[in-house]
């Protein structure tokens with residue numbers, strides 16, 4: 001998920017990353033603010049950095065919600081070594097086709113896993129999913145609240161990236 005972070009006079013939509021012991025290891029501030037039926041641009045500031053985070057499992061990149069529509073966010077993180085993208089979001093039910101297509105596109109174009117989590121209830125979509133680097137959904141939830149668990153094969157990913165280098169060519 002994400003939260004509103006105050007830094008001086010500025011406010012950001014920020015996602016925090018914690019290790020398994022509850023220690024903060026990094027944060028990402030949303031870099032693309034929604035203007036369509038939203039007040040984000042009038043209230044929030046744009047995050048400038050696209051950090052990646054080394055973890056014992058993989059190097060992670062984070063993108064928040066509307067960032068999913070901008071491939072350059074993901075290509076920058078992939079170029080910095082991200083193997084897994086975590087995407088917390090609040091996409092509406094009316095955009096489920098775009099949500100699905102963009103999650104798959106970001107996985108394929110960057111040869112990375114996408115762990116996409118959308119809110120549920122009201123007008124929110126749900127449909128959290130894990131997409132592998134070939135664009136296959138390997139785990140998903142419907143529109144209901146739940147816990148999604150699956151295994152990802154980083155050795156397969158790393159081998160594939162060595163053989164097929166398209167992710168480095170953009």
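In the numbering used here, the protein residues as written are 1 to 170.
Ideal Cβ placement from N, Cα and C applies to all residues, glycine included.
If you're wondering where the values come from, they're calculated on a predicted model, not measured in any experiment.
- Nearest to residue 83 by alpha-carbon distance, out of 13, 161 and 48, is 161.
- Three or more beta-carbon pairs separated by less than 8 Å are not found between the segment 97-107 and the segment 147-159, which leaves the two stretches without contact.
- By DSSP's assignment, residue 16 forms a beta bridge with 27.
- In this structure, residue 130 sits near residue 115, with a CB-CB distance shorter than 8 Å.
- For the pair residue 92 and residue 64, the CB atoms are not nearer than the 8 Å cut-off.
- Under the three-state reduction of DSSP, residue 53 is assigned to strand.
- By the criterion of a C-beta distance shorter than 6 Å, residue 61 is surrounded in its chain by 52, 77, 82 and 85, once the five residues flanking it on both sides are discounted.
- Residue 73 and residue 67 have their C-alpha atoms roughly 7 Å apart.
- One alpha carbon belongs to residue 164, the other to residue 8, and they sit about 45 Å apart.
- About 16 Å separates the beta carbon of residue 141 from that of residue 113, a gap too long to meet the 8 Å contact definition.
- A straight line joining the alpha-carbon of residue 103 with that of residue 126 spans about 13 Å.
- Residue state for residue 149 is assigned as coil, using DSSP reduced to three classes.
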